[in-house]
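Numbering-wise, the sequence shown is residues 155 to 643 according to this note's numbering.
Here the structure is laid out as structure tokens; the discussion comes afterwards.
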Amino acid sequence: MSRVAAKSNKLSNFIGGQWIESSTDQYLDVPNPATGELLAEVPISTSEDLEKAVEAAKQAFSSWKKVAVPQRARILFKYQQLLIDHWDELAKLITIENGKNYSEAYGEVQRGIECVEFAAGVPTLMMGSQLPDIATNIESGMYRYPLGVVGGITPFNFPMMVPCWMFPLAIATGNTFILKPSERTPLLANRLAELLTEAGLPDGVFNIVHGAHDIVNGILEHPEIPAVSFVGSQPVAEYVYKTGTANGKRVQALAGAKNHTIVMPDADMDLTVTNIINAAFGSAGERCMACAVVVAVGDIGDELVNRLVEEANNLTIGNGLEEGVFLGPVIRDAHRDRTLQYIESGIEEGAALVRDGRNDQSSSEGGYFVGPTIFDHVTQEMKIWKEEIFAPVLSIVRVNTLDEAIQYANKSEFANGACLFTDSAKAIRHFREEIDAGMLGVNLGVPAPMAFFPFSGYKKSFYGDLHANGRDGIEFYTRKKMLTARHSY
Ligand code: NAD
Numbered sequence: 155m156s157r158v159a160a161k162s163n164k165l166s167n168f169i170g171g172q173w174i175e176s177s178t179d180q181y182l183d184v185p186n187p188a189t190g191e192l193l194a195e196v197p198i199s200t201s202e203d204l205e206k207a208v209e210a211a212k213q214a215f216s217s218w219k220k221v222a223v224p225q226r227a228r229i230l231f232k233y234q235q236l237l238i239d240h241w242d243e244l245a246k247l248i249t250i251e252n253g254k255n256y257s258e259a260y261g262e263v264q265r266g267i268e269c270v271e272f273a274a275g276v277p278t279l280m281m282g283s284q285l286p287d288i289a290t291n292i293e294s295g296m297y298r299y300p301l302g303v304v305g306g307i308t309p310f311n312f313p314m315m316v317p318c319w320m321f322p323l324a325i326a327t328g329n330t331f332i333l334k335p336s337e338r339t340p341l342l343a344n345r346l347a348e349l350l351t352e353a354g355l356p357d358g359v360f361n362i363v364h365g366a367h368d369i370v371n372g373i374l375e376h377p378e379i380p381a382v383s384f385v386g387s388q389p390v391a392e393y394v395y396k397t398g399t400a401n402g403k404r405v406q407a408l409a410g411a412k413n414h415t416i417v418m419p420d421a422d423m424d425l426t427v428t429n430i431i432n433a434a435f436g437s438a439g440e441r442c443m444a445c446a447v448v449v450a451v452g453d454i455g456d457e458l459v460n461r462l463v464e465e466a467n468n469l470t471i472g473n474g475l476e477e478g479v480f481l482g483p484v485i486r487d488a489h490r491d492r493t494l495q496y497i498e499s500g501i502e503e504g505a506a507l508v509r510d511g512r513n514d515q516s517s518s519e520g521g522y523f524v525g526p527t528i529f530d531h532v533t534q535e536m537k538i539w540k541e542e543i544f545a546p547v548l549s550i551v552r553v554n555t556l557d558e559a560i561q562y563a564n565k566s567e568f569a570n571g572a573c574l575f576t577d578s579a580k581a582i583r584h585f586r587e588e589i590d591a592g593m594l595g596v597n598l599g600v601p602a603p604m605a606f607f608p609f610s611g612y613k614k615s616f617y618g619d620l621h622a623n624g625r626d627g628i629e630f631y632t633r634k635k636m637l638t639a640r641h642s643y
């Protein structure tokens, strides 16, 4: 046991405030996706490791739930300051293990910090409600309590922001937490744990068990874990939701996406092109709020496509730590291969490949790069329209009216986000009323809500009831007690 996250490049689990070597003999390589260089080895932990974490979290819960709420908030204030102090270091770590460029990583740290700031408002957020006179001499009140040991399972694409959607609110409300980070980006999580210790969080309140499917299943089946937050791909989210709820748990499972951006003929073309390029190719398209499909309305199609191709031709591809690099690698060589297969399928199904990123040069050797790729004249029968590619591949669809565009977007199985570029108040209102998606953007490309609002996907982009963040997050991590009392005076 040690207070140090990793002595060699083999990562340890964080259990009960200690760095504990996994009992496994299976480790997975964690390469830097921009260079292929080995960064670390992550343990594929065992049920024995998970059991230790649950025991530690359970023990810590008995005292943590009684720590005064303002005191829990003070630890989060300290943590927020530590994250600010380590901003640059955290951003670099994100770029190294995930591949997104430094400025995107810097922005991700900011989104994580905002979650901590929101959670530090817990004394107000966790308040109940009372009615003094529900009948003569009888009062009634609602009080909020934590649930116990909460599990969190996270994806590779936001190694800081997504865990921060979960644990700050979960621990602020008095729960203890076990994080199973993505096995593809496990390094940042360990750093978050070290800083939590530095902020004064008691041992066992936050734990990390690294690993893959088996730990997910262990969390979903464990009788001592009443609630699970999940973020990841659609099939896994559906599985997590069904298995977790079948085991009597409260589950929120945020899933994949295929976000549509509608461009009206009156849109400001410069603003539109800049925002679409960022939303489609930023973070190598590996964002659940990425723009995957542009729906061009009316006669602006040709101009829009030409402008997008022109801008895409100017993007610098390489290691995200290098100055001026816009487009980093995708996460793994297997994901690159999968992306190339999607590009093949788009060509076979008859879409017009107007920008081919398959052979683009990168300034970094050994990484998993795909250049910006654009298909025009995409239709709903094509795989590249139906499925989430999660890479820098943009599809363009052409329609005649706003109604047609909205109907097009609404046919997608996914419904995380949707955007509209226009100057028309009438179009904006029509879009807001008729579009079937949970997070809407007008004249901007990535409408991800801030921490005090819910992250509110629909359809196959979300399984559950209460979303992550905002008041939904407080509801998710607490349960209520109703007290009705008769007074004899
Ligand atoms: P993923 O589903 O492969 O992995 C997510 C987590 O589930 C990881 O911790 C992984 O270890 C675990 N996992 C993977 N396969 C599993 C299985 N068969 N059984 C049990 N556990 C399993 O997702 P990813 O590739 O890491 O992340 C990208 C996906 O996440 C994309 O689909 C993206 O849209 C989605 N995402 C959604 C949101 C949102 O808010 N809706 C946010 C971020 C990412």
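Each residue gets a CB set at the ideal place from its N, CA and C atoms; glycine is no exception.
- Cβ-Cβ separation between Val449 and His414: approximately 6 Å, consistent with a contact (criterion under 8 Å).
- Counted as a single uninterrupted DSSP element, the beta strand (DSSP E) harbouring Asn167 occupies residues 167–169.
- Counting only runs of 3 or more residues that sit fully inside the region 456–519, the beta strand (DSSP E) segments are 506–509, in chain order.
- For a cut-off of 8 Å, the C-beta gap from Ala353 to Leu236 is around 6 Å, short enough to register as a contact.
- Per DSSP, the unbroken beta strand (DSSP E) holding Ser549 starts and ends at 547–553.
- Separation of Glu542 and Gln388 (C-alpha to C-alpha, rounded to the nearest whole angstrom) is 9 Å.
- The ligand NAD approaches Tyr393 closely enough that one of its heavy atoms is under 7 Å from the residue's Cβ.
- In this structure, Tyr612 lies away from Ala581, with their beta-carbon atoms at least 8 Å apart.
- Contact between the region 369–377 and the region 243–263 is not established, with fewer than three Cβ pairs separated by less than 8 Å.
- With contact defined as three or more Cβ pairs closer than 8 Å, the region 477–486 and the region 610–624 are not in contact.
- Contact annotation: Lys219 and Gly328 have beta-carbon atoms nearer than 8 Å.
- Taken in chain order, the complete beta strand (DSSP E) segments of 3 or more residues contained in the region 344–417 are 360–362, 381–385, 404–408, 413–417.
- The criterion of a C-beta distance shorter than 8 Å is not satisfied by Gly618 and Phe606.
- Contact between the region 270–277 and the region 298–305 is not established, with fewer than three Cβ pairs separated by less than 8 Å.
- Around the beta carbon of Arg640, a 10 Å sphere encloses fewer than 16 other beta carbons of the protein chains shown; the residue is thus reported as exposed.
- Relative to the ligand NAD, the nearest heavy atom lies less than 7 Å away from the CB of Pro309.
- Its chain contains Asn255, Thr470, Gly472 as the residues whose beta carbon lies nearer than 6 Å to that of Val479, once the 5 sequence neighbours on both sides are disregarded; these appear in chain order.
- Taking C-beta atoms as the reference points, Lys164 and Glu195 count as a pair closer than 8 Å.
- Counted as a single uninterrupted DSSP element, the alpha helix (DSSP H) harbouring Lys540 occupies residues 537–540.
- Look at the region 313–337 and you find these whole runs of alpha helix (DSSP H), each 4 residues long or longer: 315–326.
- Contact between the region 440–447 and the region 529–549 is established, with three or more Cβ pairs separated by less than 8 Å.
- The shortest C-alpha to C-alpha distance from Leu342 to any of Ala222, Arg633, Asp242, Tyr522 is the one to Asp242.
- Taking C-beta atoms as the reference points, Pro322 and Val363 fail to come closer than 8 Å.
- In the three-state scheme derived from DSSP, where H, G and I count as helix and E and B as strand, Cys442 is classed as coil.
- Judged by the Cβ position, Val405 fails to qualify as a neighbour of the ligand NAD at the 7 Å threshold, every heavy atom of the ligand being at least this far.
- Pro356 is positioned such that its CB atom lies no closer than 8 Å to that of Ser336.
- Shown here for Leu193: same chain residues with a beta carbon closer than 8 Å to its own, the five before and five after excluded, namely Asn163, Val184, Pro185, Asn186, Ile250, Glu251, Leu341 in chain order.
- Remark: the shortest separation between the CB of Glu337 and any heavy atom of the ligand NAD falls under 7 Å.
- Annotation for Lys246: the continuous alpha helix (DSSP H) segment containing it runs 241–252.
- DSSP, read as helix, strand or coil, puts Ile198 in coil.
- In the structure shown, the three-state DSSP call for Gly452 is helix.
- Beta-bridge analysis with DSSP links Phe575 to Val417.
- Between Lys634 and Arg228, the C-beta gap is not smaller than 8 Å, which leaves the two residues out of contact.
- Using a C-beta cut-off of 8 Å, the region 416–428 makes no contact with the region 523–534, since fewer than three inter-stretch Cβ pairs fall below that distance.
- In the three-state reduction of the DSSP assignment, Phe616 falls in the strand class.
- Counted as a single uninterrupted DSSP element, the stretch harbouring Ile543 is not any beta strand (DSSP E), since DSSP gives it neither H nor E.
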